[in-house]
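Everything below concerns the one structure shown next.
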Amino acid sequence: MEKLSLDLEHCYGIRKLEANLDFSSANAIAIYAPNGSMKSSLAQVFRDIADGQPSKDRIFPSRVCKRNIRDEAGNELPRESVLVVRPYDEDMGHSAKTSTLLVNRDLRQEYEQLHEGIELANAAFIKALRERSKSKRDIAKEISSAFTASPDKFLVALNRIKDEVTDRPDSPLRDVPYDLIFDDKVLSFLETQDFKTAIDGFIKKHNELLAASTYFKKGIFNYYNAAQVAKQLADNGFFKAEHSLNLNAGEKREVRTQKELEDLIAEEKAAISNDKELRKKFSEIEKLIQKNVTVRDFEAYLLDHEELLSKFANMADFRQEVWKSYIETCHAEYRELLDRHQAAEARRKEIEEQARLERTQWEDVIDIFNARFFVPFRLEASNRLNVILGRDEMLSLGFVFNDGTEQVSVDKASLMQALSTGEKKALYVLNVLFEIEARKKAGQKTLIVVDDIADSFDYKNKYGCRRRRWCTSSAIATACRPST
Numbered sequence: 015m016e017k018l019s020l021d022l023e024h025c026y027g028i029r030k031l032e033a034n035l036d037f038s039s040a041n042a043i044a045i046y047a048p049n050g051s052m053k054s055s056l057a058q059v060f061r062d063i064a065d066g067q068p069s070k071d072r073i074f075p076s077r078v079c080k081r082n083i084r085d086e087a088g089n090e091l092p093r094e095s096v097l098v099v100r101p102y103d104e105d106m107g108h109s110a111k112t113s114t115l116l117v118n119r120d121l122r123q124e125y126e127q128l129h130e131g132i133e134l135a136n137a138a139f140i141k142a143l144r145e146r147s148k149s150k151r152d153i154a155k156e157i158s159s160a161f162t163a164s165p166d167k168f169l170v171a172l173n174r175i176k177d178e179v180t181d182r183p184d185s186p187l188r189d190v191p192y193d194l195i196f197d198d199k200v201l202s203f204l205e206t207q208d209f210k211t212a213i214d215g216f217i218k219k220h221n222e223l224l225a226a227s228t229y230f231k232k233g234i235f236n237y238y239n240a241a242q243v244a245k246q247l248a249d250n251g252f253f254k255a256e257h258s259l260n261l262n263a264g265e266k267r268e269v270r271t272q273k274e275l276e277d278l279i280a281e282e283k284a285a286i287s288n289d290k291e292l293r294k295k296f297s298e299i300e301k302l303i304q305k306n307v308t309v310r311d312f313e314a315y316l317l318d319h320e321e322l323l324s325k326f327a328n329m330a331d332f333r334q335e336v337w338k339s340y341i342e343t344c345h346a347e348y349r350e351l352l353d354r355h356q357a358a359e360a361r362r363k364e365i366e367e368q369a370r371l372e373r374t375q376w377e378d379v380i381d382i383f384n385a386r387f388f389v390p391f392r393l394e395a396s397n398r399l400n401v402i403l404g405r406d407e408m409l410s411l412g413f414v415f416n417d418g419t420e421q422v423s424v425d426k427a428s429l430m431q432a433l434s435t436g437e438k439k440a441l442y443v444l445n446v447l448f449e450i451e452a453r454k455k456a457g458q459k460t461l462i463v464v465d466d467i468a469d470s471f472d473y474k475n476k477y478g479c480r481r482r483r484w485c486t487s488s489a490i491a492t493a494c495r496p497s498t
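Mind the numbering: the sequence shown is residues 15 to 498 in our numbering, read in order.
Next comes the structure, spelled out in structure tokens:
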């Protein structure tokens, strides 16, 4: 921008103003006029441009307002190229734009890319688990709570069980409906003393039958193990190749086909499941369930899956086993997430250390403020690392109040109550500096309109403004190029 032409009528008390401002030989133009000469009105006109609002005459709204401000090419000013600095604006603060533009972009981008890869893998894993478990709950919180004492340690929980989870897509508990079994009302019912007594009797009898079984052994070789053997042998052509199995049951029993093995398993399972005393124990449990109307869906499921009853003695362990079974069926997504996280961890630490050592333009602006303005507090960037790495969007300023030999950290609200008007204005200047530095770094050519910014400063702070090349009396217009 080299030149600016102004043609105004009835704008906030300005009856008529025609002027040409020439910036070709200087970056700043100061306009001096006595009080009441509508300097702030002119600043408001430029504020309207920045806000994308029409101008008007507040006192005589019926008067037709004319606002024609153009550059040397006859173009209107884009709203983003105008910044109006009022005498004081307590609400003005640094924005997300000023926070993110004053960082090492390459460092932040690499850090975000590391996390983006992890997030994509995490989303794929969560999706697979949700489809398997059919749960509507927060999957990450459920897994974290199951394996740790906290609901927000998802990756810690996954790493803790990595040696216990294998790639078994047909895991025995993979089809357990999570939200049904681990419903709060069902869990409360399972914790009642009547149920605990009944389930203890059922499990005791069940274990006695397993101990007396010809082929099954508790904790070693159960229904599931036997069915898996039959399936794996058949899938790999064992019986088609005319091989046979010898089962050790006191005396050898030869099995030549998959059907023979499956029939033998079914007979053995039926002998246990149909035991009269075991059926009596199960009936006792069924009656208890029927008394509780809130667990009817659970009862319907249990009638077809009574083999799960033995798991209910320790619901915490059962919950972990269920999640392991789900994860086993999503093993590819599980490994992808852990591998990405492990690969990113070392580089993440390196980036965080580099970011810790980085000096950003925040520090430059804050140092200028601390050095040039005489106020009873010192500024600090309290979350600089988090903003540099993209964890926080906004920079948080810390305030250390000085009172002679004593210092104390205070929040902004408490600080503002203790400051004089001039001291508050000094803090306001800091936010203006942030905005200007952000625009410079972004390469945003900007017209800065300044309206009596140092009006109520004491002499020392007016001098601090002058060292920053601010106009300090009734200046209202200055132009700033990105290189300034």
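Every residue gets a Cβ at the ideal spot worked out from N, C-alpha and C, and that includes glycine.
Problem set entry | Same chain, Cβ closer than 7 Å to P165, five either side skipped, listed in chain order | Taking the first residue of the sequence shown as 1, we reach residue 165 at position 151. The beta carbon of P165 sits closer than 7 Å to those of K155, S158, S159, all from its chain and outside the five residues before and after it, given in chain order.
Problem set entry | Reference E32, options S76, N82, M15, closest by Cα | By one-based count along the sequence shown, residue 32 stands at place 18. The residue with the shortest Cα to Cα distance from E32 is N82.
For this session: Using beta-carbon positions only, say whether E335 and L187 come within less than 8 Å of one another.
Result: In the sequence shown, residue 335 corresponds to position 321, counting from 1. In the sequence shown, residue 187 corresponds to position 173, counting from 1. Yes, the pair counts as a contact, with Cβ atoms nearer than the cut-off.
Problem set entry | Every unbroken beta strand (DSSP E) within the segment 289-334, with a cutoff of 3 residues, ordered by chain | none
Problem set entry | Pairwise C-alpha distance: S428 and V443 | Against the sequence shown, residue 443 aligns to sequence position 429. Against the sequence shown, residue 428 aligns to sequence position 414. Each residue's alpha carbon lies about 19 Å from the other.
Exercise. CA-CA distance, N41 and I462?
Worked result: Taking the sequence shown and counting its residues from 1, the one referred to as residue 41 is at position 27. Taking the sequence shown and counting its residues from 1, the one referred to as residue 462 is at position 448. Near 10 Å, if we compare the C-alpha coordinates of I462 and N41.
For this session: Within its chain, find whatever has a CB closer than 8 Å to the CB of A358; leave out the 5 residues flanking it on each side and keep chain order.
Result: Reading the sequence shown from its first residue, position 344 is the one you call residue 358. Result list for A358: L128, H129, G131, I132, in chain order.
Exercise. Where does L18 fall in DSSP's three states?
Worked result: Counting from one through the sequence shown, the residue named residue 18 turns up at place 4. In the structure shown, L18 sits in a strand (DSSP, three-state: E or B).
Problem set entry | Separation of L143 from L201, as counted between CA atoms | As a first step, residue 201 must be located in the sequence shown, where it is residue number 187. As a first step, residue 143 must be located in the sequence shown, where it is residue number 129. In a straight line, the C-alpha of L201 is about 22 Å away from that of L143.
Exercise. Taking just the CA atoms, how far does E126 sit from F74?
Worked result: Position 60 of the sequence shown, counted from the first residue, corresponds to residue 74. Position 112 of the sequence shown, counted from the first residue, corresponds to residue 126. One C-alpha to the other measures close to 54 Å.
Exercise. Tell me the DSSP bridge mates of N416?
Worked result: For the purposes of this step, residue 416 is taken as residue 402 along the sequence shown, with counting starting at 1. Per DSSP, Q421.
Exercise. Three or more C-beta pairs closer than 8 Å, one from the segment 335-348 and one from the segment 239-257: is that the case here?
Worked result: no
For this session: With DSSP as the reference, please indicate the residues paired to C344 in a beta bridge.
Result: Taking the first residue of the sequence shown as 1, we reach residue 344 at position 330. Bridge partners of C344: none, in fact.
Exercise. Does S324 have its Cβ less than 8 Å from a Cβ in chain D?
Worked result: Looking for chain D here will not work: only one protein chain is present.
Exercise. Is the segment 133-152 touching the segment 324-333, taking contact as three or more C-beta pairs under 8 Å?
Worked result: no
Exercise. Taking just the CA atoms, how far does A44 sit from R483?
Worked result: The residue given as residue 483 occupies position 469 in the sequence shown. The residue given as residue 44 occupies position 30 in the sequence shown. No answer about R483 holds up, because its pLDDT of 42 lies below 50 and its placement is not dependable.
Exercise. Thinking C-alpha only, which one of P101, R146, K273, A212 is nearest S55?
Worked result: Counting from 1 along the sequence shown, the entry for residue 55 is found at position 41. The candidate whose alpha carbon is nearest that of S55 is P101.
For this session: For L302, collect the residues of the same chain with a Cβ closer than 7 Å to its Cβ; drop the 5 residues on either side in sequence, then sort them by chain order.
Result: What you label residue 302 is simply residue 288 of the sequence shown in a count that begins at 1. Around L302: D208, F209, A212.
Exercise. Taking the DSSP output, what are the residues bridged to K266?
Worked result: Counting from one through the sequence shown, the residue named residue 266 turns up at place 252. BP columns for K266 point to N262.
Exercise. Closest by CA to R349, which one among L278, L169, K150?
Worked result: Here residue 349 refers to the residue found at position 335 of the sequence shown. Among L278, L169, K150, the Cα nearest to that of R349 is on L169.
Problem set entry | Backbone CA spacing between K363 and R405 [nearest angstrom] | In the sequence shown, the residue the question calls residue 363 occupies position 349. In the sequence shown, the residue the question calls residue 405 occupies position 391. If you take the alpha carbons of K363 and R405, they lie about 14 Å apart.
For this session: Starting from I28, trace the beta strand (DSSP E) both ways and give me its first and last residue.
Result: Here the question's residue 28 lines up with position 14 in the sequence shown. 28-36 is the extent of the beta strand (DSSP E) around I28.
Exercise. By DSSP, does A44 sit in helix, in strand, or in coil?
Worked result: As a working mapping, residue 44 is identified with position 30 in the sequence shown. Three-state DSSP puts A44 in coil, outside helix and strand.
Problem set entry | Three-state secondary structure (DSSP) of K199 | Translated into the one-based positions of the sequence shown, residue 199 becomes position 185. Helix, per DSSP.
Exercise. Given that a residue counts as buried once 16 or more other Cβ atoms are within 10 Å of its Cβ, and exposed if not, what is V464?
Worked result: If you number the sequence shown from 1, residue 464 lands on position 450. The Cβ neighbour count for V464, taken over all protein chains shown within 10 Å, is at least 16; the residue is labelled buried.
Exercise. Between A64 and L97, which are expected to be in contact by the criterion C-beta below 8 Å, what is the C-beta distance as a whole number of angstroms?
Worked result: Walking along the sequence shown from the start, residue 64 turns up at place 50. Walking along the sequence shown from the start, residue 97 turns up at place 83. The pair is a contact, with the Cβ atoms about 7 Å apart (cut-off 8 Å).
Exercise. According to the Cβ coordinates, are L352 and K218 closer than 8 Å?
Worked result: As a working mapping, residue 352 is identified with position 338 in the sequence shown. As a working mapping, residue 218 is identified with position 204 in the sequence shown. Contact flag unset, no.
Problem set entry | Inter-residue Cα distance where the pair is D425 and L194 | In the sequence shown, the residue the question calls residue 425 occupies position 411. In the sequence shown, the residue the question calls residue 194 occupies position 180. The straight-line gap from Cα to Cα measures roughly 48 Å.
Exercise. Taking C-beta to C-beta, are I365 and L121 nearer than 8 Å?
Worked result: Translated into positions along the sequence shown, residue 365 becomes position 351. Translated into positions along the sequence shown, residue 121 becomes position 107. Going by C-beta atoms, I365 is nearer than 8 Å to L121.
Problem set entry | Proximity below 8 Å, CB of S95 to CB of T343 | Mapped onto the sequence shown, residue 95 falls at position 81. Mapped onto the sequence shown, residue 343 falls at position 329. For S95 and T343, no; Cβs fall outside 8 Å.
Problem set entry | Expected contact under 8 Å - CB spacing of V379 and E451 to nearest Å | Taking the sequence shown and counting its residues from 1, one reaches residue 379 at position 365. Taking the sequence shown and counting its residues from 1, one reaches residue 451 at position 437. With a Cβ gap of about 6 Å, V379 and E451 count as contacting.
Exercise. Per DSSP, what kind of secondary structure is D85 in: helix, strand or coil?
Worked result: The residue labelled residue 85 in the question sits at position 71 within the sequence shown. Strand.
Problem set entry | 8 Å CB neighbourhood of D71 in its chain, flanking five on each side removed | For this step, residue 71 is matched to residue 57 along the sequence shown. Within the same chain, D71 has close Cβ partners H24, C25, Y26, G27, R77, C79.
Exercise. Taking the alpha carbon of R84 as the point to measure from, which residue in Q123, K17, A248 has its own alpha carbon closest?
Worked result: The count along the sequence shown starts at 1 and reaches residue 84 at position 70. Among Q123, K17, A248, the Cα nearest to that of R84 is on K17.
Problem set entry | For F168, the first and last residue of its enclosing beta strand (DSSP E) | On the sequence shown, residue 168 is found 154 positions in, with the first residue counted as 1. Taken as a continuous stretch (DSSP letters only), F168 belongs to no beta strand (DSSP E), being part of the alpha helix (DSSP H) at 168-174.
Problem set entry | Whether Y192 touches K148 by CB criterion (8 Å) | Residue mapping note: residue 192 aligns to position 178 of the sequence shown, counting from 1. Residue mapping note: residue 148 aligns to position 134 of the sequence shown, counting from 1. Taking 8 Å as the Cβ cut-off, Y192 and K148 qualify as a contacting pair.
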